[in-house]
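Engineer:
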Amino acid sequence: MIAAALGWVGTVGTFSAYVLLSRGRWHATSIRYAALNGVAGLLGAMGSSLYGAWPSVVSNLLWSGVAAHSIVLIYLERRDARPAGPAEPNTDPEPRTDDMLVLARAA
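Set out below in C-alpha coordinates:
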(Lines of atoms letter the chains of each structure in order from A and count residues from 1; the text may use other names and numbers.)
(Lines give C-alpha, C1' and ligand atoms only; values in the text may rest on other atoms or scores of the structure.)
Protein backbone atom coordinates (compact mmCIF):
# COMPACT_ATOMS: atom_id res chain seq x y z
CA MET A 1 0.00 0.00 0.00
CA ILE A 2 2.87 2.39 0.82
CA ALA A 3 4.57 1.55 -2.46
CA ALA A 4 1.41 2.31 -4.40
CA ALA A 5 0.89 5.61 -2.56
CA LEU A 6 4.48 6.71 -3.21
CA GLY A 7 4.19 5.77 -6.87
CA TRP A 8 0.90 7.59 -7.34
CA VAL A 9 2.06 10.73 -5.56
CA GLY A 10 5.18 10.73 -7.74
CA THR A 11 3.11 10.25 -10.89
CA VAL A 12 0.66 13.00 -9.95
CA GLY A 13 3.57 15.32 -9.12
CA THR A 14 5.27 14.76 -12.46
CA PHE A 15 1.99 15.13 -14.34
CA SER A 16 1.13 18.31 -12.41
CA ALA A 17 4.51 19.85 -13.23
CA TYR A 18 3.95 19.14 -16.92
CA VAL A 19 0.42 20.57 -16.87
CA LEU A 20 1.58 23.75 -15.10
CA LEU A 21 4.38 24.13 -17.64
CA SER A 22 2.23 23.51 -20.71
CA ARG A 23 -0.47 25.93 -19.55
CA GLY A 24 2.09 28.68 -19.03
CA ARG A 25 1.74 28.93 -15.27
CA TRP A 26 5.33 27.84 -14.71
CA HIS A 27 8.41 28.36 -16.84
CA ALA A 28 10.80 25.58 -17.82
CA THR A 29 13.62 27.44 -16.06
CA SER A 30 11.78 27.87 -12.76
CA ILE A 31 13.13 26.23 -9.64
CA ARG A 32 9.58 25.21 -8.67
CA TYR A 33 9.20 23.19 -11.86
CA ALA A 34 12.53 21.43 -11.43
CA ALA A 35 11.95 20.83 -7.71
CA LEU A 36 8.51 19.29 -8.25
CA ASN A 37 9.93 17.03 -10.96
CA GLY A 38 12.82 16.03 -8.70
CA VAL A 39 10.67 15.22 -5.67
CA ALA A 40 8.13 13.39 -7.81
CA GLY A 41 10.91 11.34 -9.39
CA LEU A 42 12.30 10.39 -5.99
CA LEU A 43 8.85 9.35 -4.76
CA GLY A 44 8.31 7.31 -7.91
CA ALA A 45 11.70 5.66 -7.47
CA MET A 46 10.93 4.75 -3.86
CA GLY A 47 7.57 3.27 -4.82
CA SER A 48 9.08 1.34 -7.71
CA SER A 49 11.88 -0.02 -5.56
CA LEU A 50 9.36 -1.44 -3.09
CA TYR A 51 7.79 -3.33 -6.00
CA GLY A 52 11.19 -4.37 -7.32
CA ALA A 53 10.63 -2.61 -10.65
CA TRP A 54 14.28 -1.72 -11.18
CA PRO A 55 14.04 -0.19 -14.67
CA SER A 56 11.44 2.23 -13.32
CA VAL A 57 13.67 2.98 -10.31
CA VAL A 58 16.57 3.87 -12.58
CA SER A 59 14.35 5.96 -14.85
CA ASN A 60 12.92 7.92 -11.93
CA LEU A 61 16.34 8.45 -10.35
CA LEU A 62 17.66 9.76 -13.67
CA TRP A 63 14.61 12.05 -13.83
CA SER A 64 15.46 13.39 -10.39
CA GLY A 65 19.11 13.78 -11.37
CA VAL A 66 18.16 15.89 -14.37
CA ALA A 67 15.95 18.02 -12.10
CA ALA A 68 18.78 18.49 -9.59
CA HIS A 69 21.14 19.46 -12.41
CA SER A 70 18.58 21.97 -13.68
CA ILE A 71 18.25 23.52 -10.22
CA VAL A 72 22.02 23.97 -10.00
CA LEU A 73 22.20 25.53 -13.47
CA ILE A 74 19.27 27.87 -12.74
CA TYR A 75 20.85 28.94 -9.46
CA LEU A 76 24.25 29.59 -11.09
CA GLU A 77 22.66 31.52 -13.95
CA ARG A 78 20.68 33.70 -11.57
CA ARG A 79 23.70 34.27 -9.36
CA ASP A 80 25.81 35.38 -12.31
CA ALA A 81 23.04 37.64 -13.63
CA ARG A 82 22.86 39.70 -10.44
CA PRO A 83 24.25 43.19 -10.92
CA ALA A 84 27.26 44.13 -8.88
CA GLY A 85 26.95 46.86 -6.29
CA PRO A 86 27.75 50.44 -7.25
CA ALA A 87 31.45 51.11 -7.56
CA GLU A 88 32.90 54.31 -6.18
CA PRO A 89 35.95 55.37 -8.14
CA ASN A 90 39.02 56.36 -6.17
CA THR A 91 40.00 59.71 -7.60
CA ASP A 92 42.75 60.33 -5.05
CA PRO A 93 46.05 58.90 -6.31
CA GLU A 94 47.70 59.16 -2.89
CA PRO A 95 47.08 56.76 0.00
CA ARG A 96 45.26 58.04 3.06
CA THR A 97 47.43 59.70 5.69
CA ASP A 98 44.78 60.90 8.14
CA ASP A 99 43.76 59.07 11.32
CA MET A 100 41.67 55.96 10.71
CA LEU A 101 39.73 53.83 13.16
CA VAL A 102 41.18 50.33 13.33
CA LEU A 103 39.27 47.53 14.99
CA ALA A 104 41.31 44.71 16.48
CA ARG A 105 40.27 41.56 18.24
CA ALA A 106 41.81 40.83 21.62
CA ALA A 107 43.62 37.55 21.88
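For the sequence shown, UniProt numbering assigns the number 1 to the initial residue and increments by one for each residue that follows.
Every residue, glycine too, gets a C-beta built ideally from N, C-alpha and C.
1) I need the boundaries of the alpha helix (DSSP H) containing E77, first residue and last residue.
2) Can you tell which of H27, G38, A4 has the C-alpha that lies nearest to the C-alpha of S49?
3) Whole-angstrom Cβ separation of G38 and S22, contact assumed at under 8 Å?
4) Could you have a look at M1 and say whether DSSP puts it in helix, strand or coil?
5) Would you mind working out which of R32, I71, W8 sits nearest residue 131, comparing C-alpha positions?
6) I need the boundaries of the alpha helix (DSSP H) containing M100, first residue and last residue.
7) On a CA-only basis, which of E94, V57, S30, A34 is nearest L43? Give me that one, please.
8) Applying the criterion that 16 or more other CB atoms from any shown protein chain within 10 Å of the CB defines a buried residue, is L76 buried or exposed?
9) Thinking C-beta only, is N60 closer than 8 Å to G10?
Structural biologist: In brief:
1) Run containing E77: 54 to 81, per the alpha helix (DSSP H) assignment.
2) For S49, the closest C-alpha among the options H27, G38, A4 is that of A4.
3) With a Cβ gap of about 19 Å, G38 and S22 do not count as contacting.
4) Shown here, M1 sits in coil according to DSSP, grouped into three states, outside any helix or strand.
5) Since the first residue of the chain shown is 1 and the last is 107, residue 131 is not available in this structure.
6) In the DSSP annotation of this structure, M100 is not part of any alpha helix (DSSP H), being labelled neither H nor E.
7) It is V57 whose Cα lies nearest to the Cα of L43.
8) Taking all protein chains shown into account, L76 has fewer than 16 neighbouring C-beta atoms within 10 Å of its C-beta and is therefore exposed.
9) In contact: G10 and N60 (Cβ atoms closer than 8 Å).
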